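Below: the structure, in structure tokens.
2 protein chains.
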Amino acid sequence: MARIVLKFGGTSVGDIDRIKNVARTVKKEVEQGHQLAVVVSAMSGVTNQLVEYVQRIAPLYDEREYDVVVSTGEQVTTGLLAMALQQLGVPARSFQSWQLPILTDEAHAKARIESVATSPLVDAMSAGEVCIVPGFQGVTAGGRITTLGRGGSDTSAVALAAALQAERCDIYTDVDGVYTTDPRITDRARKLAMVTYEEMLEMASLGSKVLQTRSVELAMNHRVRVQVLSSFAEAPGSALPGTLVVDEEEIMANGLEQSVVSGIAYAKDDVKITVDAVADRPGVAAALFGPLAAANINVDMIVQNVSHDGKATDITFTVGKADLARAQAELEKARNVIGFAELKIDPNVAKVSVIGVGMRSHAGVALMMFETLAAKGINIQVISTSEIKISVLIAADYTELAVRALHTAYGLDAA
Amino acid sequence: MARIVLKFGGTSVGDIDRIKNVARTVKKEVEQGHQLAVVVSAMSGVTNQLVEYVQRIAPLYDEREYDVVVSTGEQVTTGLLAMALQQLGVPARSFQSWQLPILTDEAHAKARIESVATSPLVDAMSAGEVCIVPGFQGVTAGGRITTLGRGGSDTSAVALAAALQAERCDIYTDVDGVYTTDPRITDRARKLAMVTYEEMLEMASLGSKVLQTRSVELAMNHRVRVQVLSSFAEAPGSALPGTLVVDEEEIMANGLEQSVVSGIAYAKDDVKITVDAVADRPGVAAALFGPLAAANINVDMIVQNVSHDGKATDITFTVGKADLARAQAELEKARNVIGFAELKIDPNVAKVSVIGVGMRSHAGVALMMFETLAAKGINIQVISTSEIKISVLIAADYTELAVRALHTAYGLDAA
Numbered sequence: 094m095a096r097i098v099l100k101f102g103g104t105s106v107g108d109i110d111r112i113k114n115v116a117r118t119v120k121k122e123v124e125q126g127h128q129l130a131v132v133v134s135a136m137s138g139v140t141n142q143l144v145e146y147v148q149r150i151a152p153l154y155d156e157r158e159y160d161v162v163v164s165t166g167e168q169v170t171t172g173l174l175a176m177a178l179q180q181l182g183v184p185a186r187s188f189q190s191w192q193l194p195i196l197t198d199e200a201h202a203k204a205r206i207e208s209v210a211t212s213p214l215v216d217a218m219s220a221g222e223v224c225i226v227p228g229f230q231g232v233t234a235g236g237r238i239t240t241l242g243r244g245g246s247d248t249s250a251v252a253l254a255a256a257l258q259a260e261r262c263d264i265y266t267d268v269d270g271v272y273t274t275d276p277r278i279t280d281r282a283r284k285l286a287m288v289t290y291e292e293m294l295e296m297a298s299l300g301s302k303v304l305q306t307r308s309v310e311l312a313m314n315h316r317v318r319v320q321v322l323s324s325f326a327e328a329p330g331s332a333l334p335g336t337l338v339v340d341e342e343e344i345m346a347n348g349l350e351q352s353v354v355s356g357i358a359y360a361k362d363d364v365k366i367t368v369d370a371v372a373d374r375p376g377v378a379a380a381l382f383g384p385l386a387a388a389n390i391n392v393d394m395i396v397q398n399v400s401h402d403g404k405a406t407d408i409t410f411t412v413g414k415a416d417l418a419r420a421q422a423e424l425e426k427a428r429n430v431i432g433f434a435e436l437k438i439d440p441n442v443a444k445v446s447v448i449g450v451g452m453r454s455h456a457g458v459a460l461m462m463f464e465t466l467a468a469k470g471i472n473i474q475v476i477s478t479s480e481i482k483i484s485v486l487i488a489a490d491y492t493e494l495a496v497r498a499l500h501t502a503y504g505l506d507a508a
Numbered sequence: 094m095a096r097i098v099l100k101f102g103g104t105s106v107g108d109i110d111r112i113k114n115v116a117r118t119v120k121k122e123v124e125q126g127h128q129l130a131v132v133v134s135a136m137s138g139v140t141n142q143l144v145e146y147v148q149r150i151a152p153l154y155d156e157r158e159y160d161v162v163v164s165t166g167e168q169v170t171t172g173l174l175a176m177a178l179q180q181l182g183v184p185a186r187s188f189q190s191w192q193l194p195i196l197t198d199e200a201h202a203k204a205r206i207e208s209v210a211t212s213p214l215v216d217a218m219s220a221g222e223v224c225i226v227p228g229f230q231g232v233t234a235g236g237r238i239t240t241l242g243r244g245g246s247d248t249s250a251v252a253l254a255a256a257l258q259a260e261r262c263d264i265y266t267d268v269d270g271v272y273t274t275d276p277r278i279t280d281r282a283r284k285l286a287m288v289t290y291e292e293m294l295e296m297a298s299l300g301s302k303v304l305q306t307r308s309v310e311l312a313m314n315h316r317v318r319v320q321v322l323s324s325f326a327e328a329p330g331s332a333l334p335g336t337l338v339v340d341e342e343e344i345m346a347n348g349l350e351q352s353v354v355s356g357i358a359y360a361k362d363d364v365k366i367t368v369d370a371v372a373d374r375p376g377v378a379a380a381l382f383g384p385l386a387a388a389n390i391n392v393d394m395i396v397q398n399v400s401h402d403g404k405a406t407d408i409t410f411t412v413g414k415a416d417l418a419r420a421q422a423e424l425e426k427a428r429n430v431i432g433f434a435e436l437k438i439d440p441n442v443a444k445v446s447v448i449g450v451g452m453r454s455h456a457g458v459a460l461m462m463f464e465t466l467a468a469k470g471i472n473i474q475v476i477s478t479s480e481i482k483i484s485v486l487i488a489a490d491y492t493e494l495a496v497r498a499l500h501t502a503y504g505l506d507a508a
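Top to bottom, those sequences are chains H and B. Residue numbering for the first sequence follows my numbering, starting at 94 and increasing by one per position. Residue numbering for the second sequence follows my numbering, starting at 94 and increasing by one per position.
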């Protein structure tokens with residue numbers, strides 16, 4: 094008998110019929126003898142409606158009251174799913190965050206979970222009840238309702254699985270697993286049976302929407318085995334149809350052949366900024382990036398050219414498209430201190446990344462990337478690397494071509 | 094500086110613009126220096142939507158989980174109104190039932206309030222904050238969410254006013270007070286400046302929808318001064334524009350001339366059942382009404398005819414239309430024990446009532462009623478009386494005629 098946490102997102106509980114379908118999926122797990130805690134999101138559209146109410150009331154709202162309003166969507170789903178399970182003859186009850194409690198810090202609207210009290214859940218599960226818990230929320234030590242920020246239900250599920258020392262945390266979503274690349278770009282993309290936390294983190298931060306980044310960090314820190322699987326699969330409850338996100342040791346212990354590269358990711362959310370003709374002297378980078386950091390603007394890839402003449406150089410970097418206007422304003426304000434000639438903005442860029450823990454122990458992974466792109470005539474504008482990832486910035490028009498070429502080059506194509 | 098509880102119902106907070114309007118009304122009370130707690134309903138339509146979800150999930154639902162679902166509507170309004178007040182520069186915050194707590198018994202979906210812990214509210218009000226509290230709900234000693242049953246927000250407001258020893262409980266609704274009779278029947282109906290708890294109770298139980306019966310009982314028991322007033326009035330916050338529900342002493346102390354009769358009420362919710370030719374012997378009434386009481390069917394007016402021949406008699410009584418089918422079934426089951434010839438059913442009846450605490454000390458009130466109806470050729474089928482009320486059952490077609498004639502006869506017509 095295993096203890097498992099299941100999590101169902103907004104589209105999985107999108108309407109009454111889908112909630113009934115989720116109840117059937119949960120029932121199949123119950124019939125396998127597992128003890129279950131289920132984390133649910135709000136029915137799709139509900140949270141957006143509540144956020145719209147708040148924005149119409151007060152553009153600059155009190156985040157404590159915002160949390161009171163938007164946390165209700167998940168509460169509704171907990172009660173409905175508990176009743177749907179009872180209707181199928183499965184004992185079930187809901188537990189709101191304050192009833193456990195799930196304690197968070199006081200950063201309303203973007204709170205972090207500090208602890209999960211599990212004894213009410215353990216008691217109920219031992220008595221044969223399925224426990225339904227709202228995702229995305231908690232309560233402060235002072236007893237006020239908090240939310241974790243959008244997408245926080247994944248984090249709720251992983252935190253609960255960690256606290257319950259669950260054997261697995263199953264994240265039911267609208268895709269059936271993690272793929273070697275976006276299946277919309279190539280029909281040769283393959284579903285991965287297993288992927289490491291580190292690789293999943295890179296994929297999540299690179300724009301793969303399968304799991305929220307914080308939930309992967311939390312899973313990695315607490316060694317929570319996460320399974321991504323589809324809530325719309327033909328045979329819910331069948332054995333391991335999704336992708337397991339686990340640590341490297343488990344993958345090796347399973348005797349799976351760990352390929353050097355696990356996947357090719359891409360993101361089109363960034364814009365390239367080139368600061369032209371800045372003085373080539375110590376401290377200029379700090380003068381440039383200091384104001385951006387102070388304004389909480391996240392700078393991603395950075396490259397500094399070799400000086401033209403020992404006096405002036407160019408610095409190129411990327412920021413998120415949403416931050417572009419603020420970044421330009423900050424740089425113009427600091428123009429006299431930095432002393433640059435002009436800012437060149439290029440929004441037509443894409444970041445393409447090769448990800449794999451295997452590259453730690455394999456040479457030549459980067460070289461294969463550069464050669465593959467060169468063979469297709471794709472110019473690399475910026476390069477950045479980490480231990481398990483190589484990213485390049487290219488013209489956005491070449492994104493699909495690059496992804497497909499790399500997918501083939503690293504031997505990821507489905508047979 | 095007075096402490097006042099305000100309550101706004103579903104239509105008063107029906108959409109975002111109306112919530113903003115409520116915030117303006119509350120602000121005017123704040124500007125008069127009052128300490129305020131505000132009880133709110135769900136936005137109109139929200140609770141019905143949630144109930145429909147529950148019914149689609151499970152026709153025989155777990156009332157504990159029903160309460161988890163339907164209690165969310167009020168929570169949303171508390172947060173939105175707090176933000177709307179803040180937007181007007183008025184410090185405000187929401188308190189959910191479990192945050193105080195408002196303790197109830199464990200009769201989910203129809204719970205009764207047992208106590209209201211007010212110290213968090215008193216602290217906040219003393220610090221200059223308006224406290225927003227959800228109506229219609231509470232929490233059990235074991236920490237599970239309860240609701241009070243439909244219309245329970247009036248009861249929440251009165252219970253809160255009693256616990257806070259508030260000077261007044263203002264119930265904002267879609268009518269601007271209590272009238273001498275239904276203004277849709279006669280344009281000579283007058284708004285009452287004051288009415289006693291006892292009279293209001295009779296009016297509420299006779300179908301006047303202004304206040305929920307339980308809230309009036311609670312107000313009477315705790316001597317909470319209740320004001321009924323319109324949330325759509327031209328000048329919100331102006332002095333006492335509605336009807337005050339208070340005790341008899343306050344009305345007399347105010348030197349108001351207390352008329353013998355305060356109002357004429359009517360109800361068309363009942364059906365008349367005549368049990369024909371039952372044996373005229375001791376115990377037959379018990380044999381008749383025992384099964385109805387056992388089936389939880391409320392019998393209202395009862396009349397037993399004088400025996401025709403010393404052997405058989407007729408018994409006539411009324412039950413709510415919703416209970417008719419069940420009442421018939423119970424009586425048929427007991428037919429052999431009771432021994433009657435037939436059941437005659439007449440749904441085309443109305444109960445018209447004359448209400449007034451003054452009739453305790455005035456003779457001739459009933460006589461005037463009978464004479465007035467006789468003069469209009471209206472036949473009285475059943476009569477029942479209490480200390481402050483005389484009710485008659487008549488043919489439903491004569492309802493409006495009877496109400497208008499009685500309104501004139503008792504001197505209630507507006508000038």
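All C-beta atoms, glycine included, are put in the ideal place defined by N, C-alpha and C. Note that the coordinates shown come from a computational prediction; the quantities given were computed from them, not determined experimentally.
- For residue 143(B), the residues of chain H that pass the 8 angstroms Cβ criterion are 169, in the order they occur in the chain.
- Taking the C-beta atoms as reference points, residue 496(H) is found no nearer than 7 angstroms to residue 292(H).
- Residue 399(B) carries a coil assignment under DSSP once its states are collapsed to helix, strand and coil.
- With respect to the C-alpha of residue 286(B), the residue from 343(B), 307(B), 137(B) having the closest C-alpha is 343(B).
- Residue-level contact check: residue 156(H) does not touch chain B, since none of the beta carbons of chain B fall below 7 angstroms from its beta carbon.
- Three or more Cβ pairs closer than 8 angstroms define a contact, and the stretch 403-423 of chain H falls short of that threshold against the stretch 251-259 of chain H.
- Counting the other CB atoms within 10 Å of its CB gives residue 245(B) a total of 16 or more, which places it among the buried residues.
- By the rule that beta-carbons nearer than 7 angstroms mark a contact, residue 236(H) touches chain B.
- Secondary structure remark: continuous beta strand (DSSP E) runs of at least 3 residues inside the stretch 144-201 of chain H, in chain order: 185-187, 195-197.
- Put simply, the stretch 143-162 of chain H touches the stretch 197-204 of chain H. At least three CB pairs are less than 8 angstroms apart.
- When 8 angstroms is used as the limit between beta carbons, residue 187(B) is near these residues of chain H: 158, 161, in chain order.
- Residue pairing of residue 128(B) in beta bridges, as defined by DSSP: 96(B).
- Rounded to whole angstroms, the Cβ separation of residue 364(H) and residue 481(H) is 25 angstroms, and the two are not in contact under 8 angstroms.
- Here the stretch 498-505 of chain H lies against the stretch 352-367 of chain H, with 3 or more beta-carbon pairs under 8 angstroms apart.
- When the five nearest sequence neighbours on each side are left out, the beta carbons in the same chain lying within less than 7 angstroms of the beta carbon of residue 115(B) are those of 101, 105, 106, 174, 324, in order along the chain.
- Against chain B, the beta carbon of residue 176(H) has neighbours under 7 angstroms at 147, 150, 151, 154, 155, 158, listed in chain order.
- Against chain B, a Cβ distance below 7 angstroms from residue 109(H) picks out 146, 149, 150.
- Residue 358(B) and residue 316(B) have their C-alpha atoms spaced approximately 24 angstroms apart.
- Annotation: the continuous alpha helix (DSSP H) that includes residue 251(H) extends over 245-256.
- Excluding the 5 residues flanking it on each side, residue 98(H) has same chain C-beta neighbours closer than 6 angstroms at 130, 250, 253, 254, 259, 262, in chain order.
- The C-beta distance from residue 435(B) to residue 385(B) rounds to 17 angstroms, too long to fall under 8 angstroms, and the pair is not in contact.
- By the rule that beta-carbons nearer than 7 angstroms mark a contact, residue 165(H) touches chain B.
- DSSP, reduced to helix, strand and coil, places residue 120(H) within a helical segment of the structure shown.
- Residue-level contact by beta carbon fails for residue 466(H) and chain B, as no gap is shorter than 7 angstroms.
- Using a CB distance below 8 angstroms, the part of the stretch 186-206 of chain H facing chain B consists of 186, 187, 189, 191, 192, ordered along the chain.
- DSSP, reduced to helix, strand and coil, places residue 261(B) within a strand of the structure shown.
- For residue 320(H), none of the residues of chain B pass the 9 angstroms Cβ criterion, the least Cβ distance being about 27 angstroms.
- In the structure shown, the three-state DSSP call for residue 503(H) is coil.
- In summary, no residue of the stretch 378-403 of chain H has a CB separated from any CB of chain B by less than 9 angstroms.
- By the criterion of at least three beta-carbon pairs nearer than 8 angstroms, the stretch 447-463 of chain H is not in contact with the stretch 373-390 of chain H.
- Secondary structure at residue 334(H): coil, using DSSP grouped into helix, strand and coil.
- Counting only runs that start and end inside the stretch 201-240 of chain H, the alpha helix (DSSP H) elements of at least 4 residues fall at 212-219.
- Using a 10 angstroms sphere on the CB of residue 153(H), the tally of other CB atoms stays under 16, which defines it as exposed.
- For residue 435(B), there is no enclosing alpha helix (DSSP H); the enclosing beta strand (DSSP E) covers residues 435-439.
- For the pair residue 229(H) and residue 239(H), the Cα-to-Cα distance works out to about 9 angstroms.
- For residue 294(B) against residue 306(B), the beta-carbon gap comes to about 7 angstroms, under 8 angstroms, which counts as contact.
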